[in-house]
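Report on the structure given below.
There are 2 protein chains.
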Amino acid sequence: MLGREVQLVRYPTGEVRTSDFRVLSVPVRPPDRGEVLVANRWTSVDPGMRLRMSPSAPPGYFAPFALEAPLDGVMTVGEVLESQADGFAPGDTVWHALGWRDYAVVQAHVPALGGLGTLTRLDTELAPGQQYLGPLGGMGLTAYAGLFRAAELRDGDTVWVSAAAGAVGSLAAQFAKLRGHRVIGSAGSEVKVGYLLDELGLDAAFSHRAGPVAELLATAAPDGIDVYFDNVGGDHLEAALGALRRWGRVALCGAVAGYERPGAPGVSNLFQATARDITLRGFRGSSYLHLLGEMQHQVAQWLRASKLRYREFVVDGLERAPEAFQMLLRGETLGKTLVRIEPA
Amino acid sequence: MLGREVQLVRYPTGEVRTSDFRVLSVPVRPPDRGEVLVANRWTSVDPGMRLRMSPSAPPGYFAPFALEAPLDGVMTVGEVLESQADGFAPGDTVWHALGWRDYAVVQAHVPALGGLGTLTRLDTELAPGQQYLGPLGGMGLTAYAGLFRAAELRDGDTVWVSAAAGAVGSLAAQFAKLRGHRVIGSAGSEVKVGYLLDELGLDAAFSHRAGPVAELLATAAPDGIDVYFDNVGGDHLEAALGALRRWGRVALCGAVAGYERPGAPGVSNLFQATARDITLRGFRGSSYLHLLGEMQHQVAQWLRASKLRYREFVVDGLERAPEAFQMLLRGETLGKTLVRIEPA
């Protein structure tokens with residue numbers, strides 16, 4: 002049997018191009034003992050992947066992708082075709098971390114990617130499989146852990162979420178709204194701002210392209226903010242440090258602004274944190290795996306009650322994964338960006 | 002009666018010069034009801050004052066000093082000459098926040114400077130008066146709160162303290178040693194490094210002038226660090242972010258590196274905090290006033306048992322306060338920099 006896989010052929014400098022990737026047809030071997038053969042159906046496109054497309058990526062979670070090899074560590078949902086492992090049977094819907102390929106031979110019962118990428122059977126009665134790549138998966142966990150643990154959200158906090166039309170941001174912003182907070186969202190276009198106000202029901206929103214972020218934030222939150230959920234870094238984080246009230250908190254979720262510009266100037270006003278007892282807490286959703294069940298329970302409840310809006314931006318065809326990734330980094334997608342893989 | 006006061010006459014651009022100040026002779030009025038007349042004996046010189054010598058100083062604690070007016074908010078110890086307030090009598094040793102002058106007429110029972118500057122009678126049996134400007138005062142509280150609250154010091158943590166020969170740094174480094182931690186200190190000269198190793202007994206030390214800080218830190222702490230007590234910012238903070246292990250913590254105490262260079266490049270590797278679940282917590286000692294008694298009790302005990310080294314760098318004469326401040330910012334002082342005021 003043959004299957005396709007998408008490989009990185011060079012580390013992009015600056016913006017990612019589709020020519021940095023190639024699609025190969027490779028033989029698919031049957032599963033050995035303890036393994037499962039999965040036909041991938043949905044795979045993920047995340048801004049954080051950009052960090053791994055560099056030879057100088059920091060160690061740990063963000064280790065560089067190998068060149069001319071399949072991109073491992075990408076969350077994917079598929080269907081079990083053949084199982085040589087206890088607890089998995091043909092027809093099961095599962096998630097694992099061997100994405101950007103048609104078929105994956107996955108070892109069962111081996112933790113990978115800090116646990117989130119471990120082969121896991123999914124409850125498709127609770128939600129359709131691809132939602133486990135969004136609100137019920139890493140995205141949901143990142144938003145949930147970031148807001149309630151990293152930022153230690155407290156009653157009465159005013160919250161700013163950047164990239165609030167994105168996969169994680171739109172969840173974080175809604176979680177905060179559902180808990181009764183005043184929420185300001187920012188995004189990269191007026192269309193997205195409309196989405197934030199009209200569909201997500203945020204209290205205020207702005208496009209960061211409309212002027213200096215600090216000024217736009219001051220207009221949206223004239224009395225300041227208590228929590229900043231940071232998906233952008235750079236000028237956004239500086240603006241937040243200028244607007245945060247005493248004992249304010251920042252959840253450092255990601256800094257997409259710097260991913261493609263390694264020489265970008267850093268945050269220059271950290272002394273504001275000292276002046277006003279502000280805490281900045283970096284975090285990875287996968288560090289809060291113990292919250293996964295609690296989060297899935299809460300989010301599935303909100304989804305069933307139609308209290309949570311969730312958009313998917315679906316790109317069809319495995320071979321278009323690099324294009325989907327490029328669109329994501331350019332800010333051209335809205336909601337969770339997914340690649341749908343047709344059976345080969 | 003006449004007394005002298007030191008005033009700021011212009012906001013320095015770049016390095017502070019003594020010509021940015023002037024010394025005036027002014028009449029001293031007797032205290033009104035509720036006031037106390039204090040003959041100042043010791044006044045303080047702190048790096049944080051530099052932040053207030055700018056018209057664009059951020060609001061709150063770091064509000065700009067007024068020009069051609071006495072520098073208020075500077076911690077000072079003196080002797081009560083005349084009292085019109087309950088609870089204070091001639092001969093009492095007190096602290097207050099009206100420094101850089103010979104005599105101060107101080108309102109009793111009015112919180113100022115977040116509480117630390119409130120007129121307070123000092124127990125000179127516990128320690129000599131000037132020590133309340135050092136280990137038993139704001140410096141001690143800053144080191145104590147920074148280490149045990151902001152950085153949440155935990156058993157087994159390896160700790161790096163920058164500016165470890167300075168007033169706050171030398172206390173933070175010793176507090177950590179006294180609690181059994183491995184402590185690395187850095188400072189700005191080899192003389193200071195000798196002090197850190199030989200007198201404070203730190204486990205490793207380096208001069209940041211000996212090479213790139215990240216490399217020096219990697220040599221001193223080849224297995225990384227868990228806590229960074231930051232008195233410098235800039236390249237020091239970047240080096241710490243590169244060396245901190247998972248769940249590491251940074252106490253953001255100050256960033257003297259940037260005080261005289263407002264255009265200095267900021268910290269560019271904050272994504273390390275996201276990658277390794279690192280928390281950076283800005284803090285002011287004065288935000289932890291509820292710990293003052295606990296800290297004074299603990300530190301006085303350590304001082305009595307000769308377990309804590311404490312150096313004073315004394316500059317004699319009120320008129321030399323600007324010079325003392327300049328020396329402090331240039332890194333030419335060792336230990337707590339104090340100005341001794343002779344009775345006029």
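Residue numbers (our numbering), protein chains in the order written: chain A, 2 to 345; chain B, 2 to 345.
Each residue gets a CB set at the ideal place from its N, CA and C atoms; glycine is no exception.
What you are looking at is a predicted structure, and each value in this text was computed from that prediction instead of being measured.
The shortest CA-to-CA distance from A:V268 to any of A:R250, A:T275, A:E239 and A:W248 is the one to A:E239. Selection A:F66, A:W43, A:I226 and A:A109 evaluated against A:G49 yields A:F66 as nearest (Cα-Cα). Assigned with DSSP and collapsed to three states, A:Q108 falls in strand.
Per DSSP, reduced to three states, the secondary structure at A:E313 is strand. DSSP places B:Y12 in the coil class of the three-state scheme, outside both helix and strand. Not one beta carbon of chain B lies nearer than 7 angstroms to the beta carbon of A:T143. For A:V233, no alpha helix (DSSP H) segment is defined, and its DSSP state is neither H nor E.
The residue among A:V162, A:V17, A:M2 and A:D236 with its C-alpha nearest the C-alpha of A:L201 is A:V162. Taken atom to atom, the span from the alpha-carbon of B:H291 to that of B:P136 is near 16 angstroms.
At least one CB of chain A lies nearer than 7 angstroms to the CB of B:R282. The beta-carbon of B:L120 is placed no less than 7 angstroms from the nearest beta-carbon of chain A. At a Cβ-Cβ threshold of 7 angstroms, A:V78 and A:P32 do not count as neighbours. In the structure shown, B:T338 falls within a strand segment according to DSSP collapsed to helix, strand and coil.
Under the DSSP assignment, A:W101 falls outside any alpha helix (DSSP H); it carries neither an H nor an E label.
An exposed status is given to A:R155, since fewer than 16 other beta-carbon atoms sit within 10 Å of its beta-carbon. Residue pairing of B:P28 in beta bridges, as defined by DSSP: B:L3.
Beta-carbon to beta-carbon, B:E343 and B:R5 are separated by about 11 angstroms, too far to satisfy the 8 angstroms threshold. Collapsing the DSSP output to three states places A:E69 in coil. With contacts defined as CB atoms closer than 7 angstroms, B:A152 and B:V228 qualify as a contacting pair. Per DSSP, B:R305 is one residue of the alpha helix (DSSP H) stretching across L293 to R305.
Within 7 angstroms of the CB of B:S288, the CB atoms of chain A belong to D278, in sequence order along the chain. Taking 7 angstroms as the CB threshold, B:S55 stays off the interface with chain A. B:E16 sits exposed, since fewer than 16 C-beta atoms from the chains shown fall within 10 Å of its C-beta.
Your pair A:R282 and A:V251 checks out as a contact, with CB atoms roughly 7 angstroms apart and the cut at 8 angstroms.
DSSP places A:V169 in the uninterrupted alpha helix (DSSP H) bounded by A168 to L179. Listed by position along chain B, the residues whose Cβ is nearer than 8 angstroms to that of A:L271 are G234, L238, L253, A256, G267, V268, L281 and G283. Spatial neighbours of B:L117 in its own chain (CB-CB distance under 6 angstroms, excluding positions within 5 residues in sequence) are listed in chain order as G139 and S287. Contact annotation, B:A174 with B:L203: C-beta distance approximately 6 angstroms; criterion of less than 8 angstroms satisfied. Rounded to the nearest angstrom, the gap between the Cα atoms of B:R122 and B:G130 is 10 angstroms. Taking 7 angstroms as the cut-off, the Cβ atoms of A:M76 and A:L134 count as close.
B:V111 is classed as exposed because its beta carbon has fewer than 16 other beta carbons within 10 Å across all chains shown. A:A40 is positioned such that its CB atom lies closer than 7 angstroms to that of A:Y104. Boundaries for A:V78: no alpha helix (DSSP H) harbours it, while the beta strand (DSSP E) harbouring it runs T77 to S84, taken from the DSSP string.
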